[in-house]
Amino acid sequence: MKFRLIQLTNEIVVVTECGGVATIAQPEHCNEDDNRTAITDYFCLRITDLKNPTKDNVWDLLAEGKAHYNEWIHHKYNDIELINDALRWLAPCEKHWELVGDLFTEIFPQS
Numbered sequence: 333m334k335f336r337l338i339q340l341t342n343e344i345v346v347v348t349e350c351g352g353v354a355t356i357a358q359p360e361h362c363n364e365d366d367n368r369t370a371i372t373d374y375f376c377l378r379i380t381d382l383k384n385p386t387k388d389n390v391w392d393l394l395a396e397g398k399a400h401y402n403e404w405i406h407h408k409y410n411d412i413e414l415i416n417d418a419l420r421w422l423a424p425c426e427k428h429w430e431l432v433g434d435l436f437t438e439i440f441p442q443s
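Mind the numbering: the sequence shown is residues 333 to 443 in this note's numbering, read in order.
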């Protein structure tokens with residue numbers, strides 16, 4: 333299955349060709365006891381399930397559905413382990429992945 337990584341400031345968006353989306357971000361620390369190094373949000377809705385998604389409304393539309401998250405304390409937000417975790421969550425039965433740069437470019441423009 334094809335997937336794309338969109339690098340934002342302190343965040344990576346993982347999107348699969350079937351419309352799955354996860355974000356992996358470097359958290360803002362709320363207090364000095366906060367030892368989180370990354371947070372992954374896994375969206376249950378897929379882009380392909382949304383009605384008329386655009387770059388301006390995609391996050392609002394995805395937020396209307398359920399989401400799960402995982403907090404990490406031993407990995408940075410751009411660690412390959414976290415990207416692989418997101419891919420496994422988005423398509424658990426998939427065995428072969430192909431990194432591409434042209435998925436959903438109308439919603440996530442090229443950087």
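Where is the CB? At the ideal position from N, CA and C, for every residue including glycine.
As the structure is a prediction and not an experimental result, all values here were calculated from the model.
Worksheet item: Where do the N-terminal and C-terminal ends of the alpha helix (DSSP H) with residue 378 fall, by residue?
Response: Unbroken run through residue 378: none, as it is neither H nor E.
Discussion item. Counting C-beta neighbours from all protein chains within 10 Å, is the total for residue 381 16 or more, i.e. buried, or is it exposed?
Written reply: Under this definition residue 381 is an exposed residue.
Discussion item. Buried or exposed for residue 370, going by 16 or more other Cβ atoms inside 10 Å?
Written reply: Per the 10 Å Cβ criterion, buried.
Fill in: Distance, residue 435 Cα to residue 419 Cα
One C-alpha to the other measures close to 15 Å.
Worksheet entry | DSSP state of residue 347 mapped onto helix, strand, coil | Correct three-state label for residue 347: strand.
Discussion item. As a quick exercise: from 400, 410, 401 and 375, pick the residue whose alpha carbon is nearest that of residue 393.
Written reply: Comparing Cα positions, the closest option is 375.
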